[in-house]
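In order, the protein sequence lines correspond to chains A and B. First residue of the first sequence? That's 1360 in our numbering, and the numbers climb one at a time after it. First residue of the second sequence? That's 1360 in our numbering, and the numbers climb one at a time after it. Backbone N, C-alpha and C define an ideal beta-carbon position, used for all residues, glycine too. Quick notes on the structure that follows.
Number of protein chains: 2
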Amino acid sequence: MITPKSTNDLYNEYKAQMRKIADVKNASAILQWDEETYLPAKGAAFRGQQMATLSEISHQLFVEERLGNILEELKARNDLSEKEKRNVELNTEDYLKQKKFSSGFVKKMSEAVSKSFHSWIESRKQNDFSIFENDLNDLLQLKRQEADLLGFENHPYNALLNEFEKDCTVNLLDGTFAEILQPLKNILAQIRSKPQGDDSFLRQFFPKQQQWDLGMKIIKQLGFDFEAGRQDISEHPFTTSFNNNDVRITTRINENDFSSMMWSCIHETGHALYEQGLPESEYGLPLGEYTSLSIHESQSRIWENCVGRSMAFWENNYEQVQQTFSSQLGKVSVSEFYHAINKVQPSLIRTEADELTYHFHVIIRYEIEKLLIEGTLRIHEIPIYWNEQYEKYLGVKVPDDKHGCLQDVHWSHGSFGYFPTYSLGSFYAAQLFDYAKRQTADLDQEIKNGNTKPLLEYLRKHIYQYGRMYTSEKLLEKINGEGLNINYFLEYLLQKYGNIYTF
Amino acid sequence: MITPKSTNDLYNEYKAQMRKIADVKNASAILQWDEETYLPAKGAAFRGQQMATLSEISHQLFVEERLGNILEELKARNDLSEKEKRNVELNTEDYLKQKKFSSGFVKKMSEAVSKSFHSWIESRKQNDFSIFENDLNDLLQLKRQEADLLGFENHPYNALLNEFEKDCTVNLLDGTFAEILQPLKNILAQIRSKPQGDDSFLRQFFPKQQQWDLGMKIIKQLGFDFEAGRQDISEHPFTTSFNNNDVRITTRINENDFSSMMWSCIHETGHALYEQGLPESEYGLPLGEYTSLSIHESQSRIWENCVGRSMAFWENNYEQVQQTFSSQLGKVSVSEFYHAINKVQPSLIRTEADELTYHFHVIIRYEIEKLLIEGTLRIHEIPIYWNEQYEKYLGVKVPDDKHGCLQDVHWSHGSFGYFPTYSLGSFYAAQLFDYAKRQTADLDQEIKNGNTKPLLEYLRKHIYQYGRMYTSEKLLEKINGEGLNINYFLEYLLQKYGNIYTF
């Protein structure tokens, strides 16, 4: 007779397997980090192969029958804690989802991504979308197949959206974007009817080392733990985490533009504070992971925009900027500086867009993805459609594909459904920052005094500690009884720009 | 009826599995590199776990029954090329060896190493061997068990020696060390009877950045390919390779001692040139790996000593050293510099020893290991025995364990049998350098002209390209019809020091 395993033993077995998988995934993330920071040129070929092998291994470990059986057995136990129950529930969902993909499909996808990423690089270099077309089309067909494998209601794009943001649907996004579009246009029109301030002083020569040192000071001041992370230089800024005690951010420095480094530093710090604040004891389990991409983005946006582009923050920090760059900014007042870093101007490049017009960039990509996935827009039609939309939404003429539909890496990675989380993140950020201000004494004054700790404490308490315990919507509801409400974001824009542009 | 697989298909299957294993091992090496260069302090705990997981996975992949069957079937085929045959033969040996270790034993060993490494760190910090004793003893007992599992003839130490250097035995080493001991003592006595030159100018203040820049220049000049590798800073210099296109070296800089950085740079470059020169097509297979540890060490020693401490090399390079450090070395002639960097002086620390007395350090460790493995010396007896031997061989009094038996990391890693390869490496280096000079036109003159390329070409042709095709001894025989011959090394010492100390 076999004595059934105790729930505790069974849970530990499950945990051990999940941690093993996390070790492999994190090893892969370290290889990726190294690829973007320190890898010598010729090392790229083998590196790709090494990462593919690790992906294959972690997928195999995750879809092992044995894990499925343990999860099933654990689901039947009634002596799990709430947290344990939630871990099992989420991993069961993930497990059943991964099971839908055969090894062959996973491999095919990974090869298609790799091919398409390289042809994207090449097509950007040559500024010619047609080089990208075929590989992107192959990838798109695989993503449509993925949607079919995953299953969906109403729209195939829902399956892919759900991969990045649980419970996110075309219905929901159509509604949200439709609701916010006209108000955004109205605010923009008001801004454009006013005199536009000067921000040219941001584009002087700012030496690399001084920018780096200043960035490091700001990051530290915001609460990034350098004992549990580091910053390096890479071509595109990013945050990566190998566990909450090793969270790494990167930045890039443009010596001819002060903005490039500073707000990427603050943005990535926002992501990193979240990762450093996730519960260590839940390493490898869902409750040790971030809630969702939109909540992750909300954390970066709170720090980058709500804090990092606020008057309160610069009232305290502008002095050291001026001291560092006295010849460049000695005669620029804090108010002029504040206006410049908040200048609104429709533009071509998403990552350089202001807080308002940013969302037109996202909406355009969202619309295109939806059409591609349903099959009503074809890959070769992207450039023309893209340019029309930029004219329509932003009133700008796209000169070439590099400044148009080739600017973002996401599609080459097969990340259809990712972009909307950027907008959701901004909307959530304004909402959460509003809550934080209401629920924390003198938050603005504290920031003015250079003390952002109360905000960090607030986010730790209400967000970081929970990992994936709640969905984005549930997490918001838990704090203030309501889900996503775009009025917070609109109110935030009206206040800020009404003040800057006086309307 | 099942058609048997073609040899080609079978070989490709074998190759794919070996490459997969190599990917995992190399991923682990990347994590290790990161740990020693950039890891934030708090990241160490999870990093250890992540690397342990990868080791477990690569071990499991290697001992898979399926791989054993493929190897066995391939051994029976008679249409393999010579190289393929050799790969299969070597991997079969490795496979059968690994099979002797149960997963339980591998795990136990890995835990014992980790424990013992940490207590070594602690015991060094507190300068107290007793802190290290128990864990080292546990590890020693496991190593003795390992020897039993592996099997051996004559002496259990042979099993462990063979792990680092194929076909190396106590018999062979006893003979070699006995043969070289008296001649070394004689040369040392002659040196000590002469006036000892001044080398104090090497211990002035040499700023970090200038040392770094100089080191980088020298490394480049020696032929290190920076497109296929990089140099970083770590506490202990080392070389690591993730494939021949990504070979990394590290150095350390002591601002109060010029020697610390310079010869570690050249030493590691020697290792790295070998790794960069291994055949890419054999990635993951024995023929893509270095011949043996002693041959690897011979490559570092050729560059560090035969080249990097030669008059020819500095006749060409001293000028840039003087230009960089004009206030420190402006009045020191190249001849004074050459004498100083070759000063012979019995000392306490192996890694700082000169080319001659270095081997007494190795012999002492070899004798201790032999006694420990046979069980005639016990762990707690090490310090007293160590100090007696240092007095006996080197005539120096060991002031404490930090400058004595705690100085090296190897035992804490369980690396019993590693040290002898350092001496063998030096002996092989002198022998190979002698061959290179005889078989290459004007090698000395070329080095004097700053052209070390002919030497690199020689090593590529006679060593790098072969990987593990031949054993150390066979490789030497192939070049000049003889195996290890210590007279080359003795002749090298006599020439060099006879000239410097005039005897």
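Legend entry - Proximal residues, the stretch 1389-1411 of chain A versus chain B, C-beta separation under 9 Å: Answer set for the stretch 1389-1411 of chain A: Ile1389, Leu1390, Trp1392, Asp1393, Thr1396, Tyr1397, Leu1398, Pro1399, Ala1400, Lys1401, Gly1402, Ala1403, Ala1404, Phe1405, Arg1406, Gln1408, Gln1409, Met1410, Ala1411.
Legend entry - Outcome for Val1757/B when other beta-carbon atoms lying within 10 angstroms are tallied against a minimum of 16: Per the 10 Å Cβ criterion, buried.
Inset, instruction - Consider the Cβ of Ala1712/B: report whether some Cβ of chain A lies at a distance smaller than 7 Å. - result: Chain A contact via Cβ: absent.
Inset, instruction - Could you list the residues in the stretch 1577-1597 of chain A with a C-beta less than 7 Å from some C-beta on chain B, going in chain order? - result: Answer in chain order: Phe1585, Glu1586, Ala1587, Gly1588, Arg1589.
Inset, instruction - Could you have a look at Ile1838/B and say whether DSSP puts it in helix, strand or coil? - result: Note: Ile1838/B maps to helix in three-state DSSP.
Inset, instruction - Examine the Cβ distances between the stretch 1847-1859 of chain A and the stretch 1370-1377 of chain B and report whether three or more of them are shorter than 8 Å. - result: With contact defined as three or more Cβ pairs closer than 8 Å, the stretch 1847-1859 of chain A and the stretch 1370-1377 of chain B are not in contact.
Inset, instruction - State the beta-bridge partners of Arg1607/B as determined by DSSP. - result: DSSP, once it has assigned bridges, lists Arg1589/B, Thr1599/B as partnering Arg1607/B.
Legend entry - Three or more C-beta pairs below 8 Å linking the stretch 1424-1444 of chain A and the stretch 1488-1500 of chain A: Two segments are said to touch when three or more pairs of C-beta atoms, one from each, lie closer than 8 Å; by this definition the stretch 1424-1444 of chain A does not touch the stretch 1488-1500 of chain A.
Inset, instruction - For Leu1688/B, collect the residues of the same chain with a Cβ closer than 6 Å to its Cβ; drop the 5 residues on either side in sequence, then sort them by chain order. - result: Within the same chain, Cβ atoms closer than 6 Å to the Cβ of Leu1688/B are found at Gln1681, the five residues on either side in sequence being excluded.
Inset, instruction - Mind checking which residues open and close the alpha helix (DSSP H) that includes Asp1368/A? - result: Boundaries of the alpha helix (DSSP H) around Asp1368/A: 1366-1396.
Inset, instruction - Could you tell me whether the Cβ of Lys1379/B comes closer than 7 Å to any Cβ of chain A? - result: The Cβ of Lys1379/B sits closer than 7 Å to at least one Cβ of chain A.
Legend entry - Among Glu1423/B, Ile1429/B, Gly1842/B, Gly1826/B, nearest to Tyr1642/B - alpha-carbon criterion: Nearest C-alpha to Tyr1642/B: Gly1826/B.
Inset, instruction - Label Leu1508/A either buried or exposed according to how many other C-beta atoms from any shown protein chain fall within 10 Å of its C-beta, with 16 as the threshold for buried. - result: Counting Cβ neighbours within 10 Å, Leu1508/A comes out exposed, since fewer than 16 surround it.
Legend entry - Sequence-distant residues of its chain with Cβ nearer than 6 Å to Ser1619/A (five each side left out): Only Asn1613 meet the Cβ criterion.
Legend entry - Cβ neighbour criterion (16 or more within 10 Å) applied to Asn1530/B: Counting every other CB atom within 10 Å of its CB across the protein chains shown gives Asn1530/B a total below 16, marking it as exposed.
Legend entry - Limits of the unbroken alpha helix (DSSP H) element including Arg1724/B: Annotation for Arg1724/B: the continuous alpha helix (DSSP H) segment containing it runs 1717-1733.
Inset, instruction - Count the CB pairs spanning the stretch 1698-1712 of chain A and the stretch 1568-1579 of chain A that are closer than 8 Å, and state whether there are at least three. - result: Between the stretch 1698-1712 of chain A and the stretch 1568-1579 of chain A, the count of C-beta pairs closer than 8 Å stays below three; the two stretches do not touch.
Inset, instruction - Inspect the beta-carbon positions of Asp1803/B and Tyr1847/B and report whether they are closer than 7 Å. - result: The answer is no: Cβ separation not under 7 Å.
Legend entry - Residues of its chain near Asp1584/B, where Cβ-Cβ distance is below 6 Å and the 5 sequence neighbours each way are ignored: Around Asp1584/B: Gln1635.
Legend entry - Residue nearest to Leu1426/B in terms of C-alpha spacing, selected from Lys1458/B, Gly1402/B, Lys1837/B: In terms of CA proximity to Leu1426/B, Lys1458/B leads the group Lys1458/B, Gly1402/B, Lys1837/B.
Inset, instruction - Identify the contact partners of Ala1631/B in chain A, using a Cβ-Cβ distance below 9 Å as the criterion. - result: What Ala1631/B touches in chain A, judged by beta-carbon distance under 9 Å, is nothing: the nearest beta carbon there is about 12 Å away.
Legend entry - Under 8 Å by beta carbon: chain A residues contacting Val1465/B: None at all; the shortest Cβ gap to chain A is about 15 Å.
Legend entry - Between the CA atoms of Lys1384/B and Ser1387/A - distance to the nearest angstrom: Ser1387/A and Lys1384/B: Cα-Cα distance of roughly 12 Å.
Legend entry - Residue span of the alpha helix (DSSP H) that contains Arg1660/B, given as start and end: Element bounds for Arg1660/B: 1652-1660.
Legend entry - CB contact check: Ala1386/A to chain B, cutoff 7 Å: By the rule that beta-carbons nearer than 7 Å mark a contact, Ala1386/A touches chain B.
Inset, instruction - Return the chain-ordered list of same chain residues with a C-beta closer than 6 Å to the C-beta of Gln1549/A, the five sequence neighbours on each side being excluded. - result: Here Gln1549/A has Phe1862 as same chain residues with Cβ atoms under 6 Å from its own Cβ, once five neighbours each way along the sequence are excluded.
Legend entry - Counted within 10 angstroms of its Cβ, other Cβ atoms place Pro1779/A as buried (16 or more) or exposed: Looking at its Cβ environment, which holds 16 or more other Cβ atoms inside 10 Å, Pro1779/A is buried.
Legend entry - Cβ-based neighbour list, Ser1414/B, same chain, cut-off 7 Å, excluding 5 preceding and 5 following: So the qualifying residues of the chain are Ser1387, Ser1469.
Inset, instruction - Going by CA-CA distance only, name the one from Ile1625/A, Val1666/A, Gly1784/A that's closest to Glu1656/A. - result: Residue Gly1784/A is the option with its Cα nearest to Glu1656/A.
Inset, instruction - With DSSP as the reference, label Cys1624/A as helix, strand or coil. - result: Cys1624/A sits in a helix when the DSSP states are folded into three classes.
Inset, instruction - Over the uninterrupted alpha helix (DSSP H) stretch that includes Thr1683/A, give me the two end residues. - result: Taken as a continuous stretch (DSSP letters only), the alpha helix (DSSP H) holding Thr1683/A covers 1670-1683.
Inset, instruction - In the DSSP assignment, find the alpha helix (DSSP H) that holds Val1529/B and state where it starts and stops. - result: Val1529/B -> alpha helix (DSSP H) spans 1529-1551.
Inset, instruction - Report the option in Ser1559/B, Ala1631/B, Ser1417/B whose CA atom is closest to the CA atom of Phe1617/B. - result: Checking every option, the nearest Cα to that of Phe1617/B belongs to Ser1559/B.
Legend entry - When Ser1482/B, Ile1625/B, Glu1750/B are compared against Gln1580/B, the one with the closest alpha-carbon: Considering only Ser1482/B, Ile1625/B, Glu1750/B, the residue with the shortest C-alpha distance to Gln1580/B is Ile1625/B.
Inset, instruction - Indicate whether at least one CB of chain B lies closer than 7 Å to the CB of Asn1602/A. - result: Yes - at least one Cβ of chain B is within 7 Å of the one on Asn1602/A.
Inset, instruction - With DSSP as the reference, label Cys1764/A as helix, strand or coil. - result: Residue state for Cys1764/A is assigned as coil, using DSSP reduced to three classes.
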